[in-house]
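Taken in order, these protein sequences are the chains called A and B.
Numbering follows the numbering used here, with no gaps: position 151 of the first sequence is 151.
In the numbering used here, each number is its position in the second sequence, counted from 1, plus 232.
This report concerns only the one structure given below.
Protein chains: 2
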Amino acid sequence: MESAQMLDILGNENRRKILQLLSDRPCYVSEISGRLGVGPKAIINHLGLLEDTGLIECRVDDQRRKYFNIADNMRIEVAVSPHSYAVSVHTAPINTRYHLKHDDDETSEVQKAYATSALTELNREIRNTKSKQDELARKQQGLQVEFSELMDVCMDAIDKVADNPLQAEILYALLKNEHSIASLSYNFTIHPSHISAQVLTMAKRGLIEYTIKDKQQYWKILESENETGDEQ
Amino acid sequence: MESAQMLDILGNENRRKILQLLSDRPCYVSEISGRLGVGPKAIINHLGLLEDTGLIECRVDDQRRKYFNIADNMRIEVAVSPHSYAVSVHTAPINTRYHLKHDDDETSEVQKAYATSALTELNREIRNTKSKQDELARKQQGLQVEFSELMDVCMDAIDKVADNPLQAEILYALLKNEHSIASLSYNFTIHPSHISAQVLTMAKRGLIEYTIKDKQQYWKILESENETGDEQ
């Protein structure tokens, strides 16, 4: 699933409401239409878009009536800061190997007692999982702030290190990502020969280095290993 | 910032492109308009919506020209699975205490050498932070799958434990969240007296319990502590 497609999907309130309903249980079109107070034609249209992403699927029940359910575990993260814009989508197929078929026989009292104790145990595990999720979310946010602050300190260092504004632009771009001369040239709309001259100057000064991928040079900031001790 | 407002903002391709541009550096309206190939009127409209969320802000440069920059660290996560729909938005104000003002004096060679070594060190820290972020994202996704699988097992247990479909519905709702009788009644559009009768039956059987908040009873699945050993 493409992130842009998913953000377009989530940008509509009714589609968000449909996902919320389906995350509770599978639904017929008529149910969704009734709960949202929106005509079935519009609902079918939204469901079609959702189906295209693979996030929901359509099935047919015993009476041959169509219903919809969520078909995937999807997670999308958007992180925006003064130095970064990142969107990531993760999906994981639903794993139903644990889902045992329900017997039509009457459940015995012994089975009920067993299931009761299993349920309260499962409930505890669910609480645990949720609190772990909250903790990870807090950590993620902490890292994002850390990243943002690191970039701020870098801006100061770049100001001091660069001989001219173009060098500063190049260093800033390389801090975020590896780049070829061609992609730097394209991003800054500056002729490759100018980029190349600055890049070589900085390479000589031991500021940046390149790696070869697919026969192309990708430039990046030198990663510190050698402790330079020439601070007088 | 409300999550619905933020998802509406991100649901538009041009607004996403504007955020991406600003995450690189502050921009004038004319720059944004040029880069996106979209008229300035439409851009100003998008910028206004973005400004309303507090995510970007407008400033004035030395020549009294307006420019825009990102004003916040924002992180939004949407997780959808067959048993959950969760949207969370975290924001953290930009912390600029590390950002030292750049001296207008010429930087000395010694300062340059020092800044160079600082930059390569910072670069390493940035790579570390990024790989930690990737790791947390993987863990988050793992937990979401775990949660989804736990819910599947719970569905089986609920099928066995419940005396009737309404009890099953109530248990499923309580597994996700604590609820008052009133909110269960509202969600299922079933009269509170019917809900109440089922809830009391299940409480007697030691399946659920309540806590008091703001003088109201909130029901939840019993959390396992007492090992029930009556499995024959």
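Idealized CB from N, CA, C, for every residue including glycine.
Original post:
Comparing alpha-carbon positions, which option in B:Glu263, B:Asn305, B:Leu351, B:Leu279 lies nearest Arg205 of chain A?
Top reply: Residue 205 of chain A sits at position 205 when you count from the first residue of the first sequence. Nearest option by C-alpha distance: B:Leu351.
Original post:
Taking a cut of 9 Å between CB atoms, which residues from the segment 64–83 of chain A lie near chain B?
Top reply: Cβ contacts with chain B: Asn69, Ile70, Ala71, Asp72, Asn73, Met74, Arg75, Ile76, Glu77, Val78, Ala79, Val80, Ser81, Pro82, His83.
Subject >> Inter-stretch contact (C-beta, 8 Å, three-pair minimum) for the segment 46–64 of chain A and the segment 11–21 of chain A >> reply: Output reads yes: the segment 11–21 of chain A touches the segment 46–64 of chain A.
Subject >> Contact with chain A by Arg248 of chain B, beta-carbon distance below 8 Å >> reply: Stepping through the second sequence from its first residue, residue 248 of chain B is reached at position 16. Judged by the 8 Å Cβ criterion, Arg248 of chain B is in contact with chain A.
**OP:** Could you tell me the boundaries of the beta strand (DSSP E) in which Glu401 of chain B lies?
**Re:** If you number the second sequence from 1, residue 401 of chain B lands on position 169. Glu401 of chain B -> not in any beta strand (DSSP E); alpha helix (DSSP H) instead, spanning 397–408.
**OP:** Closer than 6 Å by C-beta to Met6 of chain A: which residues in its own chain qualify, once you throw out the five before and the five after it? Chain order, please.
**Re:** Within the first sequence, residue 6 of chain A is the residue found at index 6, counting from 1. If you ignore the 5 residues before and after Met6 of chain A, its C-beta comes within less than 6 Å of the C-beta of Ile76, Val89, all in its own chain and listed in chain order.
Original post:
Are any of the Cβ atoms in chain B nearer than 8 Å to that of Val153 of chain A?
Top reply: One-based indexing of the first sequence puts residue 153 of chain A at position 153. Taking 8 Å as the threshold, the shortest C-beta distance from Val153 of chain A to chain B falls below it.
**OP:** Compute the distance between the beta-carbons of Glu234 of chain B and Arg124 of chain A, then report whether it is under 8 Å.
**Re:** On the second sequence, residue 234 of chain B is found 2 positions in, with the first residue counted as 1. On the first sequence, residue 124 of chain A is found 124 positions in, with the first residue counted as 1. The Cβ atoms of Glu234 of chain B and Arg124 of chain A do not sit closer than 8 Å to each other.
Original post:
Whose Cβ in chain B lies nearer than 9 Å to the Cβ of Asn12 of chain A?
Top reply: Position 12 of the first sequence, counted from the start, is the residue given in the question as residue 12 of chain A. Neighbours of Asn12 of chain A on chain B, chain order: Leu239, Asp240, Gly243.
**OP:** Please classify Val270 of chain B: does DSSP put it in a helix, a strand, or coil?
**Re:** Here residue 270 of chain B refers to the residue found at position 38 of the second sequence. Three-state DSSP puts Val270 of chain B in coil, outside helix and strand.
Original post:
Should Thr107 of chain A be flagged as near chain B, meaning a C-beta pair shorter than 8 Å?
Top reply: For the purposes of this step, residue 107 of chain A is identified with residue 107 of the first sequence, where counting begins at 1. By this cut-off, Thr107 of chain A is an interface position.
Original post:
Looking at the structure shown, is Ala162 of chain A part of a helix, part of a strand, or coil, going by DSSP?
Top reply: On the first sequence, position 162 is the one that residue 162 of chain A refers to. Three-state result, Ala162 of chain A: coil.
Subject >> Ser81 of chain A classed as buried or exposed, judged by whether at least 16 other C-beta atoms fall within 10 angstroms >> reply: Numbered from its first residue, the first sequence carries residue 81 of chain A at position 81. Label assigned to Ser81 of chain A: buried.
Original post:
Counting contacts by CB-CB distance shorter than 8 Å, is Gln198 of chain A in contact with chain B?
Top reply: If you number the first sequence from 1, residue 198 of chain A lands on position 198. Look at Gln198 of chain A: its C-beta is not under 8 Å from any C-beta on chain B.
**OP:** Look up Lys215 of chain A in the DSSP assignment and say whether it is helix, strand or coil.
**Re:** For the purposes of this step, residue 215 of chain A is taken as residue 215 along the first sequence, with counting starting at 1. Collapsing the DSSP output to three states places Lys215 of chain A in coil.
Subject >> Neighbour-count burial assignment, Ala113 of chain A, 16 or more Cβ in a 10 Å radius >> reply: As a first step, residue 113 of chain A is located in the first sequence; it is residue number 113 there, counting from the start. With 16 or more Cβ atoms within 10 Å of its Cβ, Ala113 of chain A is classed as buried.
**OP:** Determine the burial state of Asn305 of chain B: buried for a count of at least 16 other Cβ atoms within 10 Å of its Cβ, exposed for fewer.
**Re:** Counted from its first residue, the second sequence places residue 305 of chain B at position 73. So Asn305 of chain B ends up on the buried side.
Original post:
Got a sec: is the Cβ-Cβ distance from Leu351 of chain B to anything in chain A below 8 Å?
Top reply: The count along the second sequence starts at 1 and reaches residue 351 of chain B at position 119. By this cut-off, Leu351 of chain B is an interface position.
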